[in-house]
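Data block below; observations after.
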Amino acid sequence: MPNYKPLTIGAEVAILDARLESIKGADGQLESKPLDEKARFVLVRKRSQLAVQIGEAVDKVLAACDVAEQNNRIFCHYMEETHSKAKSEMATIENLLPQIEKAVDAEKVKALNSAAEKVVDWRDDLKKDDEQLRALGMVEQYRGNLWTESVRQALPYVKDRAGAFALRLNNRKKGMVISTEAVGRKNRVDEYVTRAGAMRKTARMRVEQHLGEAKDFEKIEKQAISFANSVKLEVDRLGDELHGTQQSLNNYLKTIEKVKAPTKETYVPILLFEPKLDRFLKDCNGRVKTMQIQLRENVKKLLGGGEKAQSIKPHYEHAAEALGDLKVELEEFDESVLKARKQIEKGKKFK
């Protein structure tokens, strides 16, 4: 598991805010009442010292942000690495299952079960890692804008820090894009767990057949109908998400089209939406693929069921039909996104 560094952004911002209050107080005294030469000299010197302290405080806030961004990069790398390992285990399962279905082999069954368990382990590790990062207060201290507001208030006193501040803002923006993509990989590991479970059940069923154990069609029927109904619910949910995302996209496009002389700022909302859009499409396609695999593996349980299996067939057909319709919706949505991608490319050309 990654080793994250503790965050001190909140504490450093509190110090910076206290320095800002002090220098504002000194400014107020200099402006509000007449002072003799000695008193003014003392106050101006104090203000100068406070300005130095503000510069030091800003430096510490920005350095603390660097630690947060380092944590973010470690987090993203771990998700990418774990997704790669889980994907490799899925490839093992997908390779072994057809072989087991043709001829049961104890070693291959053991290897398939081991791979399925490893996928679950990787999923659980990602959950623990996510909890570990959240415990640091990354969202509250770094993703939020309290630190940016404090530094902006400080910049008039330390104008030479403006470049360093802009660099951190840019780092955070890039980091958010990278983390959005990485979280998408974590979601796919969740899908792998479901797929591995369905394929593992198929392997177990094949072993039972090999051992001559009779199928419990009453149990299979209940599971089949429950699964088919869950598919319909999931298809409805994804369909609603699809339409909602489409509406958001249309709103962004309408806003851009109304601007006669667009600037970089005009495209910021849709540029920030891009990684979310890509992740959404991958998540939807991944969920559809998972349900298709579940459907395929569940259908295998009906083989040899005769009339009993026929009672389940309509439920599966409706589920398959709903999945097919959703797949078409996704393909149509992907085509409609082309217009948005053209605007995104325009936005990327602004420096």
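Sequential numbering from 726 applies to the sequence shown in the working numbering.
All residues carry an ideal CB built from backbone N, CA and C; glycine is no exception.
**Asked** Tell me which same chain residues have a C-beta within less than 8 Å of the C-beta of Asp830, skipping the five on either side of it?
**Response** In the sequence shown, residue 830 corresponds to position 105, counting from 1. If we look at Asp830 and ignore the five residues flanking it on each side, its Cβ neighbours are Gln824.
**Asked** Between the Cα of Glu819 and the Cα atoms of Ala923, Lys944 and Gly964, which residue gives the shortest distance?
**Response** Along the sequence shown, read from residue 1 onward, the residue named residue 819 stands at position 94. Checking every option, the nearest Cα to that of Glu819 belongs to Ala923.
**Prompt:** Which one of Lys1071, Val1024, Ser1061 and Glu1057 has the shortest CA to CA distance from Ala1044?
**Reply:** Within the sequence shown, numbered from 1, the residue matching residue 1044 stands at position 319. Per the Cα distances, Val1024.
**Distance, Ser951 Cα to Val918 Cα** = The residue you call residue 918 lines up with position 193 of the sequence shown. The residue you call residue 951 lines up with position 226 of the sequence shown. Distance between the alpha carbons of Val918 and Ser951: 19 Å.
**Request:** Use the C-beta contact count for Thr807: other C-beta atoms within 10 angstroms, 16 or more gives buried, fewer gives exposed.
**Result:** Your numbering for residue 807 matches position 82 in the sequence shown. Counting Cβ neighbours within 10 Å, Thr807 comes out buried, since at least 16 surround it.
**Message:** Between which two residues does the alpha helix (DSSP H) holding Phe998 run?
**Reply:** Here residue 998 corresponds to residue number 273 of the sequence shown, with the count starting at 1. Here the alpha helix (DSSP H) through Phe998 covers Lys989 to Lys1025.
**Prompt:** Looking only at its own chain, which residues have a Cβ that is under 8 Å from the Cβ of Ser875, when we skip the five neighbours before and after it?
**Reply:** Position 150 of the sequence shown, counting from 1, holds the residue named residue 875. Only Val738, Leu741, Asp742, Leu745 and Val786 meet the Cβ criterion.
**Start and end residues, alpha helix (DSSP H) containing Ile903** = The sequence position of residue 903 within the sequence shown is 178, counting from 1. Unbroken alpha helix (DSSP H) run through Ile903: Ala887 to His935.
**Prompt:** If you drop the 5 nearest sequence neighbours on each side, which residues of the same chain put their C-beta closer than 7 Å to that of Tyr882?
**Reply:** Numbered from its first residue, the sequence shown carries residue 882 at position 157. Ile748, Ala776 and Ile779.
**Asked** Between Leu967, Arg1021, Pro987 and Lys989, which lies nearest to Lys1001 when the distance is taken from Cα to Cα?
**Response** Along the sequence shown, read from residue 1 onward, the residue named residue 1001 stands at position 276. It is Leu967 whose Cα lies nearest to the Cα of Lys1001.
**Asked** Taking DSSP as the reference, what is the three-state secondary structure of Pro881?
**Response** What you label residue 881 is simply residue 156 of the sequence shown in a count that begins at 1. Note: Pro881 maps to coil in three-state DSSP.
**Message:** Let's see if you can read the secondary structure: which residues bound the alpha helix (DSSP H) around Pro1039?
**Reply:** Taking the first residue of the sequence shown as position 1, residue 1039 is located at position 314. From DSSP, the alpha helix (DSSP H) with Pro1039 extends over Lys1038 to Lys1073.
**Request:** Determine, using beta carbons only, whether Ala887 and Leu821 come nearer to each other than 9 Å.
**Result:** Within the sequence shown, numbered from 1, the residue matching residue 887 stands at position 162. Within the sequence shown, numbered from 1, the residue matching residue 821 stands at position 96. No.
**Item:** Classification of Asp965 by the beta-carbon crowding that lies within 10 angstroms, buried from 16 upward
**Value:** Taking the first residue of the sequence shown as position 1, residue 965 is located at position 240. Under this definition Asp965 is an exposed residue.
**Item:** Buried/exposed call for Phe800, threshold 16 Cβ in 10 Å
**Value:** By one-based count along the sequence shown, residue 800 stands at place 75. Flag for Phe800 reads buried.
**Message:** So for Asp941, helix, strand or coil by DSSP?
**Reply:** Here residue 941 is taken as the residue at index 216 of the sequence shown, counted from 1. Residue state, collapsed to three classes: coil.
**Request:** With a threshold of 16 other CB atoms inside 10 Å of the CB of Leu1051, please say whether the residue is buried or exposed.
**Result:** Residue 1051 sits at position 326 when you count from the first residue of the sequence shown. Label assigned to Leu1051: buried.
**Prompt:** Is the CB-CB distance between Leu871 and Val792 below 9 Å?
**Reply:** Position 146 of the sequence shown, counted from the start, is the residue given in the question as residue 871. Position 67 of the sequence shown, counted from the start, is the residue given in the question as residue 792. Contact flag unset, no.
**Message:** Just verifying my parser: in three-state terms, what is the DSSP assignment at Gly869?
**Reply:** Here residue 869 is taken as the residue at index 144 of the sequence shown, counted from 1. The answer is coil: DSSP assigns Gly869 none of H, G, I, E or B.
**Message:** On the CB-based measure, 16 or more other CB atoms within 10 Å of its CB, does Gln1068 come out buried or exposed?
**Reply:** Stepping through the sequence shown from its first residue, residue 1068 is reached at position 343. Its Cβ being crowded by 16 or more others within 10 Å, Gln1068 is buried.
**Asked** Out of curiosity, what's the CA-to-CA distance linking Arg931 and Ala1047?
**Response** The sequence position of residue 931 within the sequence shown is 206, counting from 1. The sequence position of residue 1047 within the sequence shown is 322, counting from 1. In a straight line, the C-alpha of Arg931 is about 28 Å away from that of Ala1047.
**Contacts around Pro727, its chain only, beta-carbon distance under 7 Å, and the 5 residues preceding and following it disregarded** = Counted from its first residue, the sequence shown places residue 727 at position 2. Correct list, in chain order: Ile799, Phe800, Tyr803 and Asp854.
**Request:** Could you please give the first and the last residue of the uninterrupted alpha helix (DSSP H) stretch that includes Leu837?
**Result:** Along the sequence shown, one-based indexing puts residue 837 at 112. Ala831 to Arg859 is the extent of the alpha helix (DSSP H) around Leu837.
**Item:** Inter-residue spacing [alpha-carbon to alpha-carbon] between Asn954 and Asp941
**Value:** Locating residue 954 in the sequence shown gives position 229, counting from the first residue. Locating residue 941 in the sequence shown gives position 216, counting from the first residue. C-alpha separation (whole angstroms): 20 Å.
**Item:** Residues of its chain near Val1062, where Cβ-Cβ distance is below 8 Å and the 5 sequence neighbours each way are ignored
**Value:** Mapped onto the sequence shown, residue 1062 falls at position 337. Leu974, Leu1002 and Leu1006, listed in sequence order.
**Distance between Gln774 and Ala907 (C-alpha atoms, nearest Å)** = As a position in the sequence shown, residue 907 is number 182, starting the count at 1. As a position in the sequence shown, residue 774 is number 49, starting the count at 1. For Ala907 and Gln774, the distance between alpha carbons rounds to 44 Å.
**Asked** Do you know whose CA, among Gln795, Ser839 and Val1053, lies nearest Asn896's CA?
**Response** Along the sequence shown, one-based indexing puts residue 896 at 171. Answer by Cα proximity: Gln795.
**Prompt:** Which class does Gly735 belong to by DSSP, given the choice of helix, strand or coil?
**Reply:** As a first step, residue 735 is located in the sequence shown; it is residue number 10 there, counting from the start. If DSSP states are grouped into helix, strand and coil, Gly735 belongs with the helices.
**Request:** Note down, in chain order, each residue of its chain lying with its Cβ closer than 8 Å to the Cβ of Leu894, except the 5 sequence neighbours on either side.
**Result:** In the sequence shown, counting from the first residue as 1, residue 894 sits at position 169. Thr873.
**Request:** Give the secondary structure of Pro759 by DSSP, where H, G and I count as helix, E and B as strand, and everything else as coil.
**Result:** Locating residue 759 in the sequence shown gives position 34, counting from the first residue. Reduced to three states, the DSSP call for Pro759 is coil.
**Asked** Grouping DSSP H, G and I as helix and E and B as strand, with all else coil, what is Pro823?
**Response** Looking up residue 823 in the sequence shown gives position 98. Correct three-state label for Pro823: helix.
**Spatial neighbours of Glu814 in its chain, beta-carbon cut-off 7 Å, leaving aside the 5 residues before and after** = The residue given as residue 814 occupies position 89 in the sequence shown. Around Glu814: Ala840, Lys843 and Val844.
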